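Novice:
In this note's numbering, the protein residues as written are 42 to 396.
1) Taking the alpha helix (DSSP H) that residue 164 belongs to, which residues open and close that run?
2) Since residue 342 sits in a beta bridge, which residues does DSSP pair it with?
3) Report all residues from its chain with a CB closer than 8 Å to the CB of residue 19; omit the five preceding and five following residues, and keep chain order.
4) Are residue 296 and residue 352 close, meaning C-beta to C-beta below 8 Å?
5) Per the DSSP calculation, residue 215 is bridged to which residue(s)?
6) Consider the C-beta atom of residue 307 and the heavy atoms of the ligand MN; say whether any pair is separated by less than 7 Å.
7) So for residue 287, helix, strand or coil by DSSP?
8) Residues in its own chain within less than 6 Å of residue 147 by CB, not counting five upstream and five downstream?
9) What residue range does the alpha helix (DSSP H) around residue 184 cover?
10) Going by C-alpha distance, which of 300, 90, 363 and 125 is nearest residue 180?
11) Residue range of the alpha helix (DSSP H) that residue 125 falls in?
12) Here's the rule: buried if 16 or more other CB atoms are within 10 angstroms of the residue's CB, otherwise exposed. What is residue 74?
13) Count the other CB atoms, across all protein chains shown, that sit within 10 Å of the CB of residue 162; report buried if there are 16 or more and exposed otherwise.
14) Less than 8 Å separating the beta-carbons of residue 160 and residue 271?
15) Taking only the alpha-carbon atoms, compute the straight-line gap between residue 216 and residue 208 and give it to the nearest angstrom.
16) In the DSSP assignment, find the alpha helix (DSSP H) that holds residue 300 and state where it starts and stops.
17) Provide the residue span of the alpha helix (DSSP H) that contains residue 331, from first to last.
18) When you compare the CB positions of residue 363 and residue 287, do they come within less than 8 Å of one another, or not?
19) Is the separation between the beta-carbon of residue 281 and that of residue 127 shorter than 8 Å?
20) What residue range is occupied by the uninterrupted alpha helix (DSSP H) comprising residue 254?
21) Tell me where the alpha helix (DSSP H) around residue 94 begins and ends.
22) Kindly indicate which three-state DSSP category residue 279 falls into: helix, strand or coil?
23) Using 8 Å for Cβ pairs, my map puts residue 266 next to residue 112. What's the rounded Cβ distance?
24) Can you check DSSP and say which residues form a bridge with residue 199?
25) Considering only the alpha carbon of each residue, which of 87, 176 and 329 lies closest to residue 72?
This is the structure in structure tokens:
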């Protein structure tokens, strides 16, 4: 084979290897592209400038939440309290604004509240040894109650130039909030790919016991991961408050699973150790387009809730299929080594027994 043929063969092999290693992300990209095309055909209003701006703003809030929860899910965790933390952060902004504090104080307080809430979740999971799903369901209810108690369940109207600029200004024709989401995704991407923390998160998600035995401070990494997730909830609270010009204790009610569904559909398994923030971006984009399409097509709210529930089930089913495929691949690769029994750790890790 001549040199040109070898280069062509090598190029094809590289493409195949890339597609195999990034199959989840590639399939989600295709799904987003198809969804975009289908909805643009189904509704003449989809591609209008106003709707594109609304789409970007909607994607921003869910994207920031999904970007944060990606970190905790990669290590095998979960955070169902995000929307409640977002509501608490929003109410803190409203209360401080109502009492005459500069808006900057409220925004900073919202971020701090988010971090503290995340650390509470991390403490319950790492020190009290409670399963993440149960722990964060409990804090979800608690934080929601705190949000309501701040004003007795009343909303607070906010009129502030800084928040208005954050909500409605554009940069290069794109909403500023969308750029905030992109910044969050870039930070998470760099952190997970190029830092010791990111490598530790993947190690814990793949096999927590092996990570512990290798010297990784598992509990410390988990605490930091949940703090990051909480920080993203605080930031989402700022974006939501800016969009609504109102602090409401019921912010995010009924949308608790949208960020998590986005992450799972993007290729991050419930067991952790696999996936990346790029897949999460496409997952958020797909679900945002889907939600926008239902609104444009005048689908009634209870049908939207039904479809959102079905999407969550589909996302978990896809994750289950991926994990089963992983087990099959591991069995095939290790059959020659005399490994005949496999056990899972309940969080995505696979233990092998040699005979």
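The C-beta atom is built at its ideal place from N, Cα and C for all residues, glycine as well. All figures in this text were calculated on a predicted structure; none of them were measured in a lab.
Specialist: Short version:
1) 144 to 167
2) Residue 342 is not bridged to any residue.
3) Outside the shown range of the chain (42 to 396) lies residue 19, about which nothing can therefore be said.
4) no
5) 212
6) Here there are no bound small molecules, and the ligand MN is not part of this structure.
7) strand
8) 134, 137 and 138
9) 173 to 190
10) 125
11) 123 to 139
12) exposed
13) buried
14) yes
15) 8 Å
16) 299 to 306
17) 318 to 337
18) no
19) yes
20) 249 to 254
21) 90 to 115
22) helix
23) 5 Å
24) Looking at the DSSP assignment, residue 199 forms no beta bridge with any residue, so it has no partner.
25) 329
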